[in-house]
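Residue numbers (the numbering used here): 1 to 129.
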């Protein structure tokens, strides 16, 4: 094997092959003597399982739609991968329990104390992230 073969092998190894693959494939299926075309998406290999409590908390923050809570939603969306891949199970469990507590406080708040609950959420999120 000479230098050229080694370089070609390395080039083939490091080429991004996903760019060459289409996002969709078309399959043909025959049902009752009729051919039907089906559009199938390529599988997303970077799927991350997200807890429903996390999604409910984010949805509640989006529902209230204040400047501070939208900032927190953006911070959580930016750190979603970090939370669900890099955190240990204990850290993630503690985070989700705190989210449930804050979610219940926010959903049970009235017009007088909603600002205080929002400040609690902002302070908590700034400490966590």
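Glycine residues also receive a C-beta, built at the ideal position from the N, C-alpha and C atoms.
Non-local beta-carbon contacts of residue 62 in its own chain, meaning distances under 7 angstroms to residues more than five positions away in sequence, involve 73 in chain order. A residue is called buried when at least 16 other Cβ atoms come within 10 angstroms of its Cβ; residue 86 does not meet this threshold and is exposed.
Contact annotation: residue 53 and residue 96 have beta-carbon atoms nearer than 8 angstroms. Spanning the alpha carbons of residue 78 and residue 67 requires a straight line of approximately 17 angstroms. From the listed residues 103, 71 and 7, the smallest Cα separation to residue 56 is found for 103. Shortest Cα-Cα distance from residue 125 to any of 28, 48 and 98 involves 98. In this structure, the alpha-carbon of residue 38 lies about 6 angstroms from that of residue 28. Non-local beta-carbon contacts of residue 129 in its own chain, meaning distances under 8 angstroms to residues more than five positions away in sequence, involve 75, 76 and 79 in chain order.
Rounded to the nearest whole angstrom, the CA to CA distance from residue 112 to residue 101 is 19 angstroms. Taking 4 residues as the minimum length, the alpha helix (DSSP H) runs contained wholly in the segment 79-108 are 89-107, in order along the chain. About 5 angstroms separates the Cβ atoms of residue 84 and residue 48, confirming a contact at the 8 angstroms cut-off.
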